[in-house]
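A short worksheet on the structure shown next.
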Amino acid sequence: MKQTLCTISSNDEVMPGIHLMWIESPDIAATAQPGQFITVRCGDFTLRRPFSVHQVSSREIALLFRVAGKGTIWLAQRKAGEKMDVLGPLGKGFTVGPESKNLLLVAGGIGIAPLVFLMHHASAQHQITLIHGASTAAQLYPNGCLLADGSDGAIQFIPVTEDGSRGKRGMITDILPDFLDWADQIYACGPVAMYKAMVLTLNPSPLKGEVKGESEKQNNLKMKKCQVSLEVRMGCGFGACYGCTINTNEGLKQVCRDGPVFELDDIIWREVRI
Ligand SMILES: Cc1cc2nc3c(=O)[nH]c(=O)nc-3n(C[C@H](O)[C@H](O)[C@H](O)COP(=O)(O)OP(=O)(O)OC[C@H]3O[C@@H](n4cnc5c(N)ncnc54)[C@H](O)[C@@H]3O)c2cc1C
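Numbered as in the numbering used here, the sequence shown ends at 277 without a single skipped number.
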């Protein structure tokens with residue numbers, strides 16, 4: 004973890020209300036792992052704002068951020084050449100098991116941000132399906148930002164929109180079951196409502212197993228594992244203030260230091276507040 008004054012290389016609105024910002028930061032670019040985040044001092048605000056590392060190049064990192072309030076309005080107005088106070092990389096990121104071949108990435112809205120880094124990191128050795136859900140086509144990750152529509156080498160991109168303006172119509176969880184047998188590991192980033200729906204989708208009812216036979220029944224009764232990145236409100240971002248503490252099946256955890264990546268089924272969802 005290092006605090007640096009970094010130069011902004013570019014800051015473009017790539018979707019309505021969503022910015023892609025590249026920052027010169029060779030140290031963070033060299034050490035960040037997918038799922039880790041940085042914090043940015045936004046103007047005069049005391050609390051630094053956390054953002055996932057979205058992409059890395061040899062000397063730069065990229066953030067993909069939604070303009071949500073005062074801090075991100077300030078960030079959206081920054082110009083190339085300006086300096087910004089950045090701290091990172093922070094937290095514990097995603098882990099990919101050595102035996103896994105097929106990775107399913109599930110992104111709800113701006114939750115695509117950390118999953119693109121994971122996709123780049125893993126695509127040389129893994130087959131990847133990335134499902135991106137948004138309310139409408141304009142809020143989907145733009146093709147020009149990396150992804151081809153449909154199959155591209157080891158990466159398959161599946162858009163889902165609530166209004167059906169592009170890709171499948173509906174919610175991510177409507178099509179998730181189609182990929183569960185294929186996936187060796189599942190990774191997700193999105194709103195808490197999406198995670199709560201995923202808990203139900205990934206936790207098959209005992210009835211499914213009874214139809215298929217005993218050994219499958221035992222498999223089905225185990226909830227499919229999924230790593231999720233949790234974007235709760237944070238204070239310090241590095242474990243000093245306990246402002247982001249959540250309750251898990253393993254006891255109290257700090258999202259900034261123990262996470263932001265957790266196992267979906269370790270989190271006690273009814274107690275999570277953004
Ligand atoms: C580990 C982590 C990684 C994140 N990565 C990204 C990212 O890659 N891209 C991105 O756009 N956002 C990301 N966020 C959310 C981002 O930090 C907030 O949107 C941002 O701090 C809002 O600051 P603000 O001053 O603009 O808004 P505020 O004025 O503080 O709040 C405006 C609105 O945003 C909501 N909000 C504030 N903080 C959060 C939060 N932490 N999570 C969700 N909603 C929040 C508030 O409830 C409120 O409705 C991440 C959050 C965490 C904890």
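All residues carry an ideal CB built from backbone N, CA and C; glycine is no exception.
Just so you know, these numbers come straight off a predicted model, no measurement behind them.
query, result
"Closest to Thr176 by C-alpha separation, out of Leu203, Asp187, Pro29, would be which residue?", "Leu203"
"Applying the 10 Å Cβ sphere with the 16-neighbour rule, what's the burial state of Gly84?", "exposed"
"May I ask whether a heavy atom of ligand 1 can be found less than 6 angstroms away from the beta carbon of Pro180?", "no"
"At a cut of 8 angstroms, does the region 57–64 reach the region 93–102 through at least three beta carbon pairs?", "no"
"Return the Cβ separation of Gln36 and Gly100 in integer angstroms, given the expectation that the two are a contact with Cβ distance under 8 angstroms.", "The pair is not a contact, with the Cβ atoms about 15 angstroms apart (cut-off 8 angstroms)."
"Please identify the residue among Val89, Leu78, Ile249 whose C-alpha is closest to the C-alpha of Glu27.", "Val89"
"Where do the ends of the alpha helix (DSSP H) carrying Ile31 lie?", "29–34"
"Going by the DSSP bridge assignment, what does Glu3 pair with across the sheet?", "Not covered by the structure: residue 3. The range shown for the chain is 4 to 277."
"So Leu118 is in the alpha helix (DSSP H); what residue range does that whole segment cover?", "115–125"
"So, Tyr198 versus Phe97, is the Cβ gap smaller than 7 angstroms?", "no"
"Give the secondary structure of Asp96 by DSSP, where H, G and I count as helix, E and B as strand, and everything else as coil.", "According to the sequence provided, residue 96 is Gly. The question's Asp does not apply to it. Coil."
"Pick out the complete beta strand (DSSP E) segments inside the region 43–118, 3 residues or longer, and give them in chain order.", "52–55, 63–69, 86–93, 105–111"
"Report yes if the C-beta distance between Leu133 and Met122 is below 7 angstroms; otherwise report no.", "yes"
"If distances are taken between C-alpha atoms only, which option among Pro263, Asp268, Thr42, Asp269 comes closest to Gly114?", "Pro263"
"DSSP three-state call for Gly153: helix, strand or coil?", "Summary for Gly153: the model assigns pLDDT 45, below 50, so the residue's position carries little reliability; its value from the coordinates is reported in the next sentence. It is a strand residue."
"Which residues does DSSP list as the beta-bridge partners of Ile175?", "According to DSSP, which records beta bridges pairwise, Ile175 is partnered with nothing at all."
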